[in-house]
Structure formats: C-alpha cells, structure tokens
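Every number in the numbering used here is 22 more than the matching position in the sequence shown, counting from 1.
Worksheet: the structure to be examined is printed underneath.
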Amino acid sequence: MQDFNDNPMPSLSDKVLFDLDDQGVATVTLNNAEKHNAFDDEIIKQLLAIFTHIAKRSDIKVMVLASRGKSFSAGADLGWMKRMASYSYDDNLTDANALAAMLKALNFMPQPSIAKIQGAAFGGAVGLASCCDIVIASNKASFCLSEVKLGLIPATISPYVVSAIGLKASRRYFQTAERFFADKAMHLGLVDEVVELDALDDAVKTMTTSLLANGPLAMRQAKQLAFDVAYKDISDTLVADTSERIAAIRVSGEGQEGLSAFFEKRRPSWQQCPNDKRNP
Numbered sequence: 023m024q025d026f027n028d029n030p031m032p033s034l035s036d037k038v039l040f041d042l043d044d045q046g047v048a049t050v051t052l053n054n055a056e057k058h059n060a061f062d063d064e065i066i067k068q069l070l071a072i073f074t075h076i077a078k079r080s081d082i083k084v085m086v087l088a089s090r091g092k093s094f095s096a097g098a099d100l101g102w103m104k105r106m107a108s109y110s111y112d113d114n115l116t117d118a119n120a121l122a123a124m125l126k127a128l129n130f131m132p133q134p135s136i137a138k139i140q141g142a143a144f145g146g147a148v149g150l151a152s153c154c155d156i157v158i159a160s161n162k163a164s165f166c167l168s169e170v171k172l173g174l175i176p177a178t179i180s181p182y183v184v185s186a187i188g189l190k191a192s193r194r195y196f197q198t199a200e201r202f203f204a205d206k207a208m209h210l211g212l213v214d215e216v217v218e219l220d221a222l223d224d225a226v227k228t229m230t231t232s233l234l235a236n237g238p239l240a241m242r243q244a245k246q247l248a249f250d251v252a253y254k255d256i257s258d259t260l261v262a263d264t265s266e267r268i269a270a271i272r273v274s275g276e277g278q279e280g281l282s283a284f285f286e287k288r289r290p291s292w293q294q295c296p297n298d299k300r301n302p
C-alpha cells in the first residue's frame with residue numbers, strides 16, 4: 023500500500039494556500055481577502071480535501087488555520103448564498119452535506135489544530151474556530167452567529183459551537199445574532215488566548231513550539247481520549263478502557279522513548295528537526 027505521505031497535495035486554487043515547514047507544521051490559509059475570506063462551495067470542497075489529506079499524513083504534527091487580510095472570514099460568500107436561494111431542497115441538502123463534511127474533517131483531524139483569528143469571524147467562520155483545538159485571537163477579533171438576520175439558522179456548525187460555548191450561550195447568540203468581541207469569546211470558551219494584533223504571529227508560534235515538544239502519537243491519542251471520555255458516566259467499562267490506554271502507550275515505542283529521554287536528561291527523538299544534526 024502506498025504511503026500517503028508520498029502523495030501530492032490535492033489541487034488547490036489561489037484562494038486556499040497550503041504550507042508545510044520542516045518541523046511538521048502545516049498552515050492552511052484562506053486567501054480571499056477582497057471578499058473577507060468568505061467561502062463558497064469550491065472553497066469548502068478544497069478545505070475538505072486538504073483537511074482529509076493532513077489527517078492521513080504522519081509527518082504533519084500540527085495544523086494552523088489562518089487567513090489573509092483584516093477579516094478571518096465573513097462566512098458564506100454572498101454570490102454563493104444568492105445561488106443557493108434558487109436551489110431546490112435536494113440541491114441545498116447536497117450543499118449543506120458538503121459543508122458538514124468539511125467541518126467534521128476539521129473537528130476530528132487527529133493532529134492538534136490551531137485557529138489564528140486576526141479579525142471578524144462571522145457565521146460559518148465561528149464554526150471553523152469551534153472545530154479547532156486551540157483558538158488564538160487578536161484583540162481586534164470579533165464574532166457573530168449572524169444567520170438569523172437572514173432568516174436562516176447556524177445548523178451545520180451548531181454541534182461544534184454548542185460544544186465550544188455551551189448550551190446557554192448558544193441559545194442566546196443563535197437567536198440574537200449579537201456581535202461579540204475577543205474578550206467575551208474567551209469568557210465563553212470559544213477563544214483560548216487573546217493577544218495584541220501585532221503579537222498574534224508570535225503567540226501562534228509559541229503555541230506550535232509547545233505542541234512540537236510533545237510526542238506526536240501521544241497528542242493524537244490524547245485528543246481522541248478527550249472525545250471518547252467526554253460526557254460519559256465513569257463506569258467500570260470506562261475505567262477499564264482508560265487503564266488499557268495508558269498501559270498500551272507506556273509500552274509503545276514513543277512512550278518508551280519519552281520515558282527514556284526524561285530519565286536520561288536528553289531530548290526525545292521527536293524533538294529533532296530533520297536538519298538538526300546535534301545529538302539528542
């Protein structure tokens with residue numbers, strides 16, 4: 023079977039950019055600044071392809087979702103929305119399923135994901151942020167679940183937004199379409215860190231550096247662990263499952279390497295860059 027790491031990236035337009043550095047940090051960038059990085063069916067298709075590709079790459083350790091320009095994303099493109107208004111129910115369902123598939127791919131991507139929010143994030147963009155593990159926003163960032171202003175609802179993004187900000191806040195903001203800012207978003211749990219706009223790049227770099235210090239397979243398993251134990255009763259079955267998981271990873275190659283490196287006071291193998299010639 024061919025190693026997916028050898029496969030080329032899916033073909034992308036200039037509206038979605040992809041970069042992979044030598045440390046295994048992939049950056050996916052929305053590059054549609056003239057339209058405030060609004061997305062349409064083609065961009066959604068490309069994002070689904072790239073998120074699926076990243077998920078299968080063992081050499082990608084962290085993913086950063088970013089955008090160019092003043093806005094993170096205005097959500098749905100107006101031209102796309104105008105087209106959708108004339109679609110049949112079946113056509114609209116196909117469109118909605120494509121967006122739902124993209125969001126699911128982002129949410130369950132096995133690698134740690136960071137959303138870098140520099141400005142406005144409206145509608146579906148709140149869904150993108152909610153699907154990422156870590157959200158770092160500038161103090162200029164703002165958020166709005168604006169769908170009801172158009173007589174619509176934030177349906178496909180709702181599972182992820184409710185998970186991020188909770189039921190009570192969702193009941194409010196789904197209905198009011200109020201705009202709220204980064205400090206409020208952090209209070210709600212949507213944003214993890216708020217920094218000055220000119221410090222945003224450094225804050226994201228600091229976070230990626232922190233993540234790269236950790237065992238890549240351990241991070242994947244830790245992320246899946248959070249999904250698997252969330253909201254579960256602490257039953258004998260769950261207790262047994264978590265015990266089996268820690269026992270398995272302790273005897274794994276990465277677990278053994280991590281423990282050995284700690285006791286030998288050296289860096290573990292995963293902290294070596296491909297071009298790093300120093301001894302661990």
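Beta carbons are placed, not taken as given, at the ideal position from N, Cα and C, and that holds for glycine.
Do residue i and residue j have their C-beta atoms closer together than 8 Å?
i	j	result
Ala240	Glu276	yes
Arg267	Leu247	yes
Gly149	Tyr182	yes
Leu212	Phe165	yes
Asn114	Arg90	no
Ile136	Val216	no
Ala118	Thr178	yes
Val226	Ile158	yes
Ala98	Ala60	yes
Phe94	Ile72	no
Ala163	Ala143	yes
Glu64	Ser108	no
Thr264	Val273	no
Val170	Ala199	yes
Measure the beta-carbon distance from residue i to residue j and round it to whole angstroms, keeping in mind my assumption that it falls under 8 Å.
i	j	result
Lys138	Ala96	Actually they are not in contact, since the Cβ atoms of Lys138 and Ala96 sit about 16 Å apart, beyond 8 Å.
Gly46	Ile82	6 Å
Ile66	Met131	16 Å between Cβ atoms; not a contact.
Leu189	Cys153	The pair is not a contact, with the Cβ atoms about 18 Å apart (cut-off 8 Å).
Ile187	Leu210	4 Å
Ile76	Ala48	6 Å
Gly145	Ser168	5 Å
Gln293	Ala235	6 Å
Pro134	Leu69	Wrong, their Cβ atoms sit about 18 Å apart, outside the cutoff.
Here's the rule I'm using: 16 or more other beta-carbon atoms within 10 Å means buried, otherwise exposed. How should residue i be labelled?
i	result
Gly101	exposed
Val38	buried
Ile156	buried
Thr230	buried
Gln237	In the sequence as displayed, the identity of residue 237 is Gly instead of Gln. Flag for Gly237 reads buried.
Leu260	exposed
Phe249	exposed
Leu172	exposed
Ser257	exposed
Asp62	buried
Gln197	exposed
Lys287	exposed
Arg330	Here the chain covers residues 23 to 302 and nothing more, so residue 330 does not appear.
Ala269	exposed
Ala147	buried
Lys104	exposed
Ala204	buried
Ala207	buried
Along the chain, where does the beta strand (DSSP E) containing residue i start, and where does it finish?
i	result
Ala142	Ala142 to Phe144
Leu234	Run containing Leu234: none in the beta strand (DSSP E); it sits in the alpha helix (DSSP H), Leu222 to Leu234.
Thr178	Note, Thr178: premise wrong, no beta strand (DSSP E); not H, not E.
Lys138	Ser135 to Ile139
Leu167	Neither: Leu167 is in no beta strand (DSSP E) and is coded neither H nor E.
Gly41	Note on residue identity: the sequence assigns Asp, not Gly, to residue 41. Where Asp41 is concerned, the enclosing beta strand (DSSP E) stretches over Val38 to Leu42.
Ala60	Per DSSP, Ala60 belongs to no beta strand (DSSP E) and is neither H nor E.
Leu52	Val47 to Leu52
Residue range of the alpha helix (DSSP H) that residue i falls in?
i	result
Ser160	Taken as a continuous stretch (DSSP letters only), Ser160 belongs to no alpha helix (DSSP H), being part of the beta strand (DSSP E) at Ile156 to Ser160.
Glu218	Run containing Glu218: none; DSSP gives neither H nor E here.
Val273	No alpha helix (DSSP H) holds Val273; DSSP gives it neither H nor E.
Asp250	Pro238 to Val251
Asp205	Ala204 to Leu210
Phe196	Leu189 to Thr198
- request: Please specify which runs of the alpha helix (DSSP H), each continuous and at least 4 residues long, are wholly inside the region 73–114, giving them in chain order.
  value: Counting only runs of 4 or more, we get 100–107.
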